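Residue numbers (the numbering used here), protein chains in the order written: chain E, 13 to 364; chain P, 1267 to 1573.
Have a look at this one:
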């Protein structure tokens, strides 16, 4: 009797992830078109409008890139944690705590040199993100508690804390209907580079290069990969796997926290529930779709930022903005399916 | 008077707990076969919206429940296909299910926002202000009793029947199960779809009974609590039900706190269930030296080749 089993291909095309992404994107756009057709919309009109309003002018292009910043930074954080084979589902909460930390420092200290002040605020955002993941990190390293669930639950704790702060201690009496904290002063706004593009994008480029170096080129990145691979290998190599996991988690959380700080200082200018609109979850898609590669995360992050803006603007012609979410999600499903065919082969074996 | 208030709280607790418990039980079954599905939130949404749409258009409750359950189950087969057949990452796939489910349900339900439901799943006996426990129990609808039945059945099947033992064996050690001749892929596929069906029932309960209307994101994070409940319950149906009661109680308590004259901020009380789950999770892990009751193979794809 002949049996068919799956086996991993010995040679996987170097560009497999990239091709999978392209195939996934085509599938995503096709499914998006079908949904638009069902809703009596012409997909070509809708997509060209999306394209025009997301990258068609300096203003819209810079808006799209602004949206990409949190996706890229949080995505990089997720990919760093993935080096030690850990999942960070808590980027959403880390973004919020990053913004909360910025506001906390802003209220309590005052530095006249605004450049220095912005620098300190950005650092406090990073630390805020790290603090957010501290509980999952400690419980993971010390007791071995599953980090997927703890990082996920901290999201709800932090969002609950945000709601509490903007309705209670930090509530700005001037914001009547929408609970929010008071605006930060203009002296700590991040300057813009061109159009509406905030200088946070430069930080983003810097951190992408940093994450690439950290993951692929540095000793720490190499040790992280061994620590995440096999515990025996790590022991033989004298690598403290728990310590690597702990620091990878703190750094990963910090990246997302920084995203929250930039979002606050360049976009919303105040703490509210609108600091993140699911960026932390979309960032997981961005990171997963690229196979956790920093450069890929940067590029796909830009694309998804444009897609989000495009989705938001087509609401004006009566198309649901959820079409963008659906395209993003189905792109990833398509990429996963094609990834399968790049990495596995179906082998025929003779039993007995 | 106090009695009526207390019974009102109990009533709300049971309703909130039913909603959480059914989906959590489904997730428990899926996880028992070794498949972690983070898409509970999305599956509940799909069940909720399709059930609601059918109810508005046909005013046939039985049909609405069937449609809600089936569509959530079919939706969950995406996860089954990607993780069981294609062996891709379960975390990523489950998360897509949540994002896709929320987006799709908002898209489908767009025309139904604010529409009034003419039919509703009736309670056994409608009592406006139940004054004793019996009346509270009678005030629940049949899905509440179905949930109890499902709890008993699931526990029995998992512990006492050959089918249940096989199911658990697959999740515990798929390689050993495979050499025993069990069908790994089939078991996991069915487990995932059953989980989806349960989540769908939860969704139907949400829109046809708990809050009989439809708005975007009305699951509001309950799917994630279900995932926490499974861990809280140590992958055991009865303990999961206990967890559901606790979470349901907190959900019911929050809007009532002020009438009881407490100064606690309702926003902070809402955080409590999540904190409690983390604490319970940590205690369970320490107490049982890492044996939280989690199936041995959870989250790990199975390869025949590894045999």
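Note that beta-carbon positions come from the ideal geometry of N, C-alpha and C, so glycine has one too. Here the structure is a predicted model, which means the values were calculated and not measured.
Looking at the strands, I want to know which residues DSSP matches up with residue 1497/P.
In the second chain, counting from the first residue as 1, residue 1497/P sits at position 231. Partner(s): none; residue 1497/P has no beta bridge.
Quick one: does residue 1358/P have its CB under 8 Å from some CB of chain E?
As a working mapping, residue 1358/P is identified with position 92 in the second chain. Closer than 8 Å: yes.
Chain E partners of residue 1487/P, CB-CB under 8 Å?
Looking up residue 1487/P in the second chain gives position 221. By Cβ distance, chain E contributes 168.
For residue 19/E, the residue or residues it bridges with in DSSP
Here residue 19/E refers to the residue found at position 7 when the first chain is read from its first residue. In DSSP, residue 19/E forms a bridge with 357/E.
Does residue 1454/P get closer than 8 Å to chain E when you measure Cβ to Cβ?
In the second chain, counting from the first residue as 1, residue 1454/P sits at position 188. Not an interface residue.
In chain P, what lies closer than 8 Å to residue 337/E by C-beta?
Counting from 1 along the first chain, the entry for residue 337/E is found at position 325. Under the 8 Å cutoff, chain P gives 1365, 1366, 1368, 1369.
Residues in its own chain within less than 6 Å of residue 73/E by CB, not counting five upstream and five downstream?
Translated into the one-based positions of the first chain, residue 73/E becomes position 61. Within the same chain, residue 73/E has close Cβ partners 67.
By the criterion of Cβ-Cβ separation under 9 Å, what are the contact partners of residue 1320/P in chain E?
Here residue 1320/P is taken as the residue at index 54 of the second chain, counted from 1. Here the premise fails: no neighbours, minimum Cβ distance about 18 Å.
Helix, strand or coil: which one does DSSP assign to residue 230/E?
Numbered from 1 along the first chain, position 218 holds the residue referred to as residue 230/E. The answer is coil: DSSP assigns residue 230/E none of H, G, I, E or B.
Return the Cβ separation of residue 278/E and residue 78/E in integer angstroms, given the expectation that the two are a contact with Cβ distance under 8 Å.
Position 266 of the first chain, counting from 1, holds the residue named residue 278/E. Position 66 of the first chain, counting from 1, holds the residue named residue 78/E. Right, their Cβ atoms sit about 7 Å apart.
Grab me the residues of residue 1302/P's own chain with a C-beta within less than 6 Å of its C-beta, minus the 5 sequence neighbours each way, in chain order.
Sequence index remark: in the second chain, residue 1302/P carries index 36 (1-based). Once the five neighbours on either side are set aside, the close Cβ partners of residue 1302/P are 1356, 1564, 1565.
What residue ranges within the segment 1335–1371 of chain P form continuous beta strand (DSSP E) runs of no fewer than 3 residues, ordered along the chain?
none
As a quick exercise: from 251/E, 342/E, 329/E, pick the residue whose alpha carbon is nearest that of residue 96/E.
Here residue 96/E refers to the residue found at position 84 of the first chain. Nearest C-alpha to residue 96/E: 251/E.
Assess contact between the segment 1335–1348 of chain P and the segment 1310–1320 of chain P, defined as three or more Cβ pairs (one per stretch) separated by less than 8 Å. Is contact present?
yes
Using 8 Å as the limit for Cβ to Cβ distance, is residue 196/E near chain P?
Counting from 1 along the first chain, the entry for residue 196/E is found at position 184. Chain P contact via Cβ: absent.
Where the alpha helix (DSSP H) containing residue 1378/P begins and where it ends:
Taking the first residue of the second chain as position 1, residue 1378/P is located at position 112. Careful: residue 1378/P lies outside any alpha helix (DSSP H) and carries neither H nor E.
Counting only the same chain and skipping the five closest in sequence on each side, list residues whose C-beta sits under 6 Å from that of residue 1312/P.
Translated into the one-based positions of the second chain, residue 1312/P becomes position 46. Closer than 6 Å at the Cβ level, and outside the excluded window around residue 1312/P, lie 1337, 1338, 1341, 1367, 1371.
How about residue 163/E: is its C-beta nearer than 8 Å to some C-beta of chain P?
For the purposes of this step, residue 163/E is identified with residue 151 of the first chain, where counting begins at 1. Not an interface residue.
Could you tell me if residue 109/E is buried or exposed, where buried requires 16 or more neighbouring beta carbons within 10 angstroms of its beta carbon?
Start at 1 with the first residue of the first chain, and residue 109/E comes out as number 97. Flag for residue 109/E reads buried.
Are the beta-carbon atoms belonging to residue 162/E and residue 147/E less than 8 Å from one another?
Taking the first residue of the first chain as 1, we reach residue 162/E at position 150. Taking the first residue of the first chain as 1, we reach residue 147/E at position 135. In contact: residue 162/E and residue 147/E (Cβ atoms closer than 8 Å).
My output table needs one value for residue 1560/P: the three-state DSSP class, helix, strand or coil.
Locating residue 1560/P in the second chain gives position 294, where the first residue counts as 1. In this structure, residue 1560/P counts as coil in the three-state DSSP scheme.
How about residue 92/E and residue 297/E: are their beta carbons less than 8 Å apart?
Position 80 of the first chain, counted from the first residue, corresponds to residue 92/E. Position 285 of the first chain, counted from the first residue, corresponds to residue 297/E. In this structure, residue 297/E does not lie closer than 8 Å to residue 92/E by Cβ.
With C-beta atoms as the reference, is residue 1514/P less than 8 Å away from residue 1279/P?
The residue you call residue 1514/P lines up with position 248 of the second chain. The residue you call residue 1279/P lines up with position 13 of the second chain. Yes, the pair counts as a contact, with Cβ atoms nearer than the cut-off.
Which whole-angstrom value is the C-beta distance of residue 1293/P and residue 1492/P, which I expect to be below 8 Å?
Taking the first residue of the second chain as position 1, residue 1293/P is located at position 27. Taking the first residue of the second chain as position 1, residue 1492/P is located at position 226. Correct: roughly 6 Å between the Cβ atoms.
Please report the straight-line C-alpha distance between residue 142/E and residue 276/E, rounded to a whole angstrom.
Taking the first residue of the first chain as position 1, residue 142/E is located at position 130. Taking the first residue of the first chain as position 1, residue 276/E is located at position 264. About 17 Å.
Would you be able to state if there are at least three C-beta pairs under 8 Å between the segment 120–140 of chain E and the segment 193–204 of chain E?
yes
Between residue 106/E and chain P, is there a C-beta pair that is closer than 8 Å?
If you number the first chain from 1, residue 106/E lands on position 94. It does not; no Cβ of chain P falls within 8 Å.
Express the C-alpha separation of residue 1459/P and residue 1533/P in angstroms, rounding to a whole number.
Indexing the second chain from 1 puts residue 1533/P at position 267. Indexing the second chain from 1 puts residue 1459/P at position 193. One C-alpha to the other measures close to 36 Å.
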